[in-house]
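The block underneath contains the structure these notes are about, expressed in structure tokens.
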Amino acid sequence: MPLRRIGYPCVSLLINRTTNHETILRTGAPEKLRGLIAQNLADLRAILEHNLAHDWRLFRIGSSVIPFGSHPVNTIKWWQEFKDELRSAGKFARANDMRLSLHPGQYTVLNSPDAAIVSRAIAELTYSARFLDELGMDSSNKIVIHLGGTYGDKPAAMRRFCETVNTLPDDLRHRIVIENDERSYSPADALAVSKQTNLPVVFDNLHYTANPGEGQLEDLLKQIFATWKKRDGHPKVHFSSQAQGRKLGSHADQAEPAEFKKWVKRWGAFDEFDLMLEAKHKDKALLQIIPSTKKENL
DNA sequence: GGAAGTCAAGTCTCG
DNA sequence: CGAGACTTGACTTCC
555 MPLRRIGYPC VSLLINRTTN HETILRTGAP EKLRGLIAQN LADLRAILEH NLAHDWRLFR
615 IGSSVIPFGS HPVNTIKWWQ EFKDELRSAG KFARANDMRL SLHPGQYTVL NSPDAAIVSR
675 AIAELTYSAR FLDELGMDSS NKIVIHLGGT YGDKPAAMRR FCETVNTLPD DLRHRIVIEN
735 DERSYSPADA LAVSKQTNLP VVFDNLHYTA NPGEGQLEDL LKQIFATWKK RDGHPKVHFS
795 SQAQGRKLGS HADQAEPAEF KKWVKRWGAF DEFDLMLEAK HKDKALLQII PSTKKENL
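Position one of the first sequence corresponds to residue 555 (this note's numbering), numbered consecutively onward.
As structure tokens, this is what we get:
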């Protein structure tokens, strides 16, 4: 079963554009933020056009595309001010069978025992979902998050995650997918949470290597692919290679070809799927691993 | 004018 | 129990 779409996160090194122009809180006045949003949306458009030329139809938008998007310092009604740019970018993506995503950072923790932290996490997810909504993208365009901390009691932390997710509005919940991480939550843990919440699971090969957890790989993959229902679109995976000589879990500059082929074959045994390449060299790494625009060459 | 330090947020590890 | 890592461009301060 073929690899359907491929892509990379946030930044194109080939055309030197990024959807993550940002600033620091002290200088986050409305005029400054407005300029950064305009820059991010212009770069998003340029990146999507560049990606189309290479047949790259998956892209992760930087979570600072609207800087301080969930912080009170940002009072801009960006969905009104940038309505034309947002709609046009979304229309371009849909017309070209592109799939977009967002991935809030390490500070977005839904299972914290601290209610204020949970509330800020929900605000970040709400903003992220709104961004995809304003582009006009359907619920197969996802927000990827990790499960959070363990706080010395992982079962309780997983229960808190599920309880919080199940209180979210349907529209928001249908945007969220969970990813196995390199330290705390293995694919089996993510599957257990998926059973309680119906959230699809993104499988990350490097995190799996660092933190395999329980279960046999082929069986885990089969179950994980099955968490993607019709409204979620095709299963999605993250691929990266280990950076040699660096900490376990650090992304390498490029994808290691033999390893890439091995995983693509493994995933392809179950279903058509989309693959996000998480290499430090971004789209340069994509060009290297798949020199032709034809994925069929794999 | 270039180098070094700082920046919203959280969690975990190390010393 | 407090500092640093995680990750990274933009900005400020230091020299």
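For glycine and all other residues, C-beta sits at the position ideal for the given N, C-alpha and C.
Check residue i in the structure and name its three-state DSSP category.
| i | result |
| --- | --- |
| Asp743 | helix |
| Glu635 | helix |
| Glu611 | First, the residue type needs correcting, since residue 611 is Arg and not Glu in the sequence shown. The answer is coil: DSSP assigns Arg611 none of H, G, I, E or B. |
| Phe622 | coil |
| His835 | coil |
| Leu840 | helix |
| Thr573 | coil |
| Lys801 | coil |
| Asp597 | helix |
| Ile697 | strand |
| Val663 | coil |
| His792 | strand |
| Arg714 | helix |
| Ile578 | coil |
| Asp786 | helix |
| Leu567 | coil |
Going by beta-carbon coordinates alone, are residue i and residue j separated by less than 9 Å?
| i | j | result |
| --- | --- | --- |
| Arg641 | Glu688 | yes |
| Val791 | Asp743 | no |
| Arg727 | Leu753 | yes |
| Asn605 | Asp837 | yes |
| Pro741 | Gly767 | yes |
| Pro667 | Ile699 | no |
| Gly706 | Asn665 | no |
| Met830 | Gly616 | no |
| Val619 | Leu598 | yes |
| Glu826 | Arg580 | no |
| Phe814 | Ile843 | yes |
| Phe793 | Asn765 | no |
| Leu568 | Arg614 | no |
| Ser804 | Ala812 | no |
| Ala647 | Leu595 | no |
Residue i lies in the alpha helix (DSSP H); which residues open and close that run?
| i | result |
| --- | --- |
| Glu813 | Pro811 to Gly822 |
| Arg727 | Asp724 to Arg727 |
| Glu772 | Leu771 to Phe779 |
| Leu760 | Asn759 to Ala764 |
Using alpha carbons as the reference points, say which of the options lies closest to residue i.
| i | options | result |
| --- | --- | --- |
| Pro709 | Gln750, Val672 and Glu678 | Gln750 |
| Ala833 | Pro563, Leu557, Glu635 and Arg558 | Pro563 |
| Thr573 | Gly589, Tyr705 and Gly769 | Gly589 |
| His761 | Leu567, Leu802, Arg599 and Arg614 | Leu802 |
| Glu635 | Ala797, Val756 and Leu587 | Leu587 |
| Arg571 | Ile591, Ile601, Thr581 and Glu585 | Ile601 |
| Thr781 | Phe715, Leu840, Ser748 and Arg674 | Ser748 |
| Glu717 | Glu810, Ala669 and Leu686 | Ala669 |
| Trp633 | Ala592, Arg648 and Val663 | Ala592 |
| Gly582 | Ile630, Trp817 and Ala809 | Ile630 |
| Asp651 | Trp610, Ile671 and Leu595 | Trp610 |
| Lys776 | Lys784, Asp786, Gly787 and Val755 | Val755 |
| Ala649 | Glu772, Leu841 and Gly690 | Gly690 |
| Glu576 | Glu603, Asn628, Leu612 and Pro556 | Asn628 |
Taking the beta strand (DSSP E) that residue i belongs to, which residues open and close that run?
| i | result |
| --- | --- |
| Arg559 | Leu557 to Pro563 |
| Ser682 | Not the beta strand (DSSP E): Ser682 falls in the alpha helix (DSSP H), residues Ala669 to Leu689. |
| Leu656 | Arg653 to Leu656 |
| Val731 | Ile730 to Glu733 |
Any contact between the stretch 683-694 and the stretch 732-749? By contact I mean 3 or more CB pairs, one from each, below 8 Å. no
Would the stretch 615-627 and the stretch 680-687 be scored as touching if the rule is three or more Cβ pairs under 8 Å? yes
Touch test, the stretch 715-732 against the stretch 811-828, Cβ-Cβ under 8 Å, three pairs minimum: no
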